[in-house]
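In what follows, a single structure is set out as structure tokens and then discussed.
There are 2 protein chains.
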Amino acid sequence: MEALAALADPTRRQIVALLAAGEQGAGELAGQFPVSRPAISRHLRVLREAGLVQVRAEGQRRVYALDPRPLSELDAWLAPYRRLWAQRLDALDTEIARGRRARTQEDGR
Amino acid sequence: MEALAALADPTRRQIVALLAAGEQGAGELAGQFPVSRPAISRHLRVLREAGLVQVRAEGQRRVYALDPRPLSELDAWLAPYRRLWAQRLDALDTEIARGRRARTQEDGR
DNA sequence: GGCTTACTTAACTGTCCAGTTACGCACGTT
DNA sequence: AACGTGCGTAACTGGACAGTTAAGTAAGCC
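Quick note, the sequences are listed as chains A and B, same order. Using the numbering used here, the letters of the first sequence correspond one by one to residues 628 to 736. Using the numbering used here, the letters of the second sequence correspond one by one to residues 628 to 736.
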């Protein structure tokens with residue numbers, strides 16, 4: 628779940644979204660953000676360390692590609708909670724207000 | 628997507644997991660962690676501000692309950708990426724190595 | 001070899017955040 | 001009214017982190 632920390636930053640989420648549309652070079656990516664290139668470089672490093680991104684050297688370019696596996700982990704983490712909103716979405720408020728117990732679910736930390 | 632930042636902390640994820648099994652008082656929660664009660668109080672505040680948790684005063688107790696809506700938002704954010712790992716999970720490495728384009732997806736930031 | 005291009009790393013700064021102890025407040029009990 | 005209990009908030013500290021500019025490394029070109 629290290630991916631969660633990586634995805635907590637909006638810039639990094641945007642990078643992920645961009646890379647979902649296809650791989651890109653580092654400078655190419657940096658050009659689409661209002662921050663400096665080193666800043667993007669560091670973001671890419673965080674994403675890399677979280678396993679969300681893979682680099683490939685192509686000449687002097689560094690081409691970044693999305694690796695969806697941590698996202699799938701996140702999906703798996705989220706899965707057990709899914710039943711909580713799957714049904715009766717609009718009945719939630721009243722249910723919470725009434726304080727009914729759910730009695731399910733364990734960690735997954 | 629403010630929930631992502633809230634869930635980036637392991638302690639808070641654990642609190643969420645505990646509350647998924649049923650609501651609990653603040654002190655009750657704090658007792659299950661190695662940190663001080665004020666620390667948990669602050670975590671609960673972050674979760675509250677992220678909408679992940681609801682409080683209800685019951686006498687002098689503060690009973691916390693999970694609100695799954697931000698989790699469902701997170702699920703929705705994750706949804707467009709799902710097709711990336713849905714099929715050919717083992718073919719991913721080679722696909723990334725080959726550098727094939729995906730050509731889909733926008734932000735969601 | 002010497003220069004440009006494409007990125008990363010280093011060093012520094014400001015801000016945010018989790019943890020602590022000390023204090024404050026409201027409810028309940030006697 | 002006085003006191004204990006259950007929490008929250010305040011004030012402070014240490015560490016992590018995003019941003020900057022400046023320096024370093026590696027590939028391509030002349």
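Just so you know, even glycine gets a beta-carbon here, dropped at the ideal spot from N, CA and C. Everything numeric in this text was worked out from a predicted model, so none of it was measured.
In the three-state reduction of the DSSP assignment, residue 682 (chain A) falls in the strand class. Going by DSSP, residue 662 (chain A) is part of no alpha helix (DSSP H) at all; its letter is neither H nor E. Residues of the segment 665-691 of chain B that bring their beta carbon within less than 9 Å of a beta carbon in chain A comprise 681, 683, 685 and 690, in sequence order.
CA-to-CA, the gap between residue 710 (chain B) and residue 648 (chain A) works out to about 12 Å. In the displayed model, residue 651 (chain A) falls within a strand according to three-state DSSP. The shortest C-alpha to C-alpha distance from residue 713 (chain B) to any of A:685, A:700 and A:631 is the one to A:700. Contacts between residue 632 (chain A) and chain B, judged by CB atoms closer than 8 Å, involve 635 in chain order.
Residue B:641 holds the alpha-carbon nearest to the alpha-carbon of residue 670 (chain B) among B:641, B:686 and B:708. Residues of chain B whose Cβ lies closer than 9 Å to the Cβ of residue 663 (chain A) do not exist; the shortest such Cβ separation is about 20 Å. Taking C-alpha positions only, residue 628 (chain A) is separated from residue 687 (chain A) by approximately 32 Å.
When CB distances to chain B are screened at a threshold of 9 Å, the residues of the segment 691-703 of chain A falling below it are 692, 693, 694, 695, 696, 698, 699, 701 and 702, in chain order.
If you draw a straight line from the Cα of residue 676 (chain A) to the Cα of residue 684 (chain B), it is about 43 Å long.
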